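For the sequence shown, position 126 matches number 125 in numbering that gives the first Met the number 0, and the numbering has no gaps at all.
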Amino acid sequence: MNERRENSQNGEQRVRCLIWLPAGYEAPLELLDGLRMRQVTVRQAHDAPTVMAELVTDEYQLIILIKPRSLRRAGNLIAAARCYWPKLTIWQYDPDTQPALRAWDPQTSAPDHDPAPVPLDAPIDSVPEPEPAPDVLLEDTPQDPPPADPLTPTVLSEEELSMLLDETEEPHQS
Numbered sequence: 000m001n002e003r004r005e006n007s008q009n010g011e012q013r014v015r016c017l018i019w020l021p022a023g024y025e026a027p028l029e030l031l032d033g034l035r036m037r038q039v040t041v042r043q044a045h046d047a048p049t050v051m052a053e054l055v056t057d058e059y060q061l062i063i064l065i066k067p068r069s070l071r072r073a074g075n076l077i078a079a080a081r082c083y084w085p086k087l088t089i090w091q092y093d094p095d096t097q098p099a100l101r102a103w104d105p106q107t108s109a110p111d112h113d114p115a116p117v118p119l120d121a122p123i124d125s126v127p128e129p130e131p132a133p134d135v136l137l138e139d140t141p142q143d144p145p146p147a148d149p150l151t152p153t154v155l156s157e158e159e160l161s162m163l164l165d166e167t168e169e170p171h172q173s
């Protein structure tokens, strides 16, 4: 695992923070300024796969979700993060609520369209079955193999077969 730890000017280890925000959304300057004032190293990501890749490749102590109800699969990703990185501190920032910065609360912060995360220790029969894919038959899909082209022979003649196998008996010269 690639662990990157940065030191501040006085040699103390700096806290690394990952900010997850919706695509096209800028991190609030007041939040960034506050983190920099505290000498927190900040990286930003705009989608769940990038967030997970960052968590795997670097050692973060803090993740802040910006406008968490706008982040697809936030509840599932945070559930996995808590499982694999139990020391990771998780906060959320939403300028439309007071206080804007507060601890992550999955009951009120996960998007409405997120499926409920299934605990890793849940019995197998409590895991919902995926919906089966519908049987789709395209109109252009042939049901039977196409008929053979009458101009293309499907079987070799005796003469063609003997030529290929070179079954002509030629006397051996000694």
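We treat Cβ as the ideally placed atom computed from N, Cα and C, and that holds for glycine. Bear in mind the structure is a predicted one, so any value in this text is a computation, not a measurement.
Query raised in the report: Glu53 to Ile18, Cα distance in whole Å?
Result: By one-based count along the sequence shown, residue 53 stands at place 54. By one-based count along the sequence shown, residue 18 stands at place 19. Looking at the two C-alpha atoms, the distance is approximately 10 Å.
Report task. Pick helix, strand or coil for Glu158, following the three-state DSSP scheme. Result -> In the sequence shown, counting from the first residue as 1, residue 158 sits at position 159. Looking at Glu158 - three-state DSSP - the assignment turns out to be helix.
Query raised in the report: Mapping DSSP to helix, strand and coil, what is Leu64?
Result: Along the sequence shown, read from residue 1 onward, the residue named residue 64 stands at position 65. Under the three-state reduction of DSSP output, Leu64 falls in the strand class.
Query raised in the report: Short check: CB of Arg13 to CB of Asp57, under 8 Å?
Result: The residue given as residue 13 occupies position 14 in the sequence shown. The residue given as residue 57 occupies position 58 in the sequence shown. The beta carbons of Arg13 and Asp57 sit no closer together than 8 Å.
Query raised in the report: Who pairs with Cys16 in a beta bridge, going by DSSP?
Result: The residue given as residue 16 occupies position 17 in the sequence shown. Val41 and Leu61.
Query raised in the report: Which residues mark the beginning and the end of the alpha helix (DSSP H) in which Tyr83 is found?
Result: Locating residue 83 in the sequence shown gives position 84, where the first residue counts as 1. Unbroken alpha helix (DSSP H) run through Tyr83: Ala73 to Tyr83.
Query - As assigned by DSSP and simplified to three states, the class of Leu163 - result: Sequence index remark: in the sequence shown, residue 163 carries index 164 (1-based). Correct three-state label for Leu163: helix.
Query - Where the beta strand (DSSP E) containing Ala26 begins and where it ends - result: As a first step, residue 26 is located in the sequence shown; it is residue number 27 there, counting from the start. Per DSSP, Ala26 belongs to no beta strand (DSSP E) and is neither H nor E.
Query - Best match in Leu64, Arg68 and Glu158 for proximity to Leu30 [C-alpha to C-alpha] - result: Start at 1 with the first residue of the sequence shown, and residue 30 comes out as number 31. Checking every option, the nearest Cα to that of Leu30 belongs to Leu64.
Requested in this report: Just confirm the distance between the C-beta atoms of His45 and Leu61, as a whole number of angstroms; I'd bet it's less than 8 Å.
Outcome: Here residue 45 refers to the residue found at position 46 of the sequence shown. Here residue 61 refers to the residue found at position 62 of the sequence shown. Between Leu61 and His45 the Cβ distance is about 18 Å, and since that is not below 8 Å, they are no contact.
Query raised in the report: Around the Cβ of Leu164, are there at least 16 other Cβ atoms within 10 angstroms (buried) or fewer (exposed)?
Result: Counting from one through the sequence shown, the residue named residue 164 turns up at place 165. Label assigned to Leu164: exposed.
Query raised in the report: Helix, strand or coil for Leu87 per DSSP?
Result: As a working note, residue 87 is residue 88 in the sequence shown. Three-state DSSP puts Leu87 in coil, outside helix and strand.
Report task. Note down the Cα distance separating Arg71 from Met36, rounded to an integer number of angstroms. Result -> Here residue 71 corresponds to residue number 72 of the sequence shown, with the count starting at 1. Here residue 36 corresponds to residue number 37 of the sequence shown, with the count starting at 1. The straight-line gap from Cα to Cα measures roughly 30 Å.
Query raised in the report: Would a C-beta distance cut-off of 8 Å place Arg101 and Trp84 closer than the cut-off?
Result: Indexing the sequence shown from 1 puts residue 101 at position 102. Indexing the sequence shown from 1 puts residue 84 at position 85. Cβ distance not < 8 Å, so Arg101 and Trp84 don't count as in contact.
Report task. Pull up the DSSP beta-bridge partners for Leu31, would you. Result -> Taking the first residue of the sequence shown as position 1, residue 31 is located at position 32. For Leu31, which the question treats as bridged, DSSP gives no partner whatsoever.
Query - Option nearest Arg68 by Cα separation, candidates Ala22, Met162, Glu159 and Glu158 - result: Position 69 of the sequence shown, counting from 1, holds the residue named residue 68. Put simply, of Ala22, Met162, Glu159 and Glu158 the residue whose alpha carbon is nearest the alpha carbon of Arg68 is Ala22.
Report task. May I ask which residues mark the beginning and end of the beta strand (DSSP E) holding Leu54? Result -> Counting from one through the sequence shown, the residue named residue 54 turns up at place 55. Following the DSSP letters along the chain, one finds Leu54 in no beta strand (DSSP E) but inside the alpha helix (DSSP H) bounded by residues Ala47 to Thr56.
Report task. Could you pull out every residue in the same chain whose Cβ sits closer than 6 Å to the Cβ of Pro105, ignoring the five residues on either side in sequence? Result -> For this step, residue 105 is matched to residue 106 along the sequence shown. Cβ within range, chain order: Gly74.
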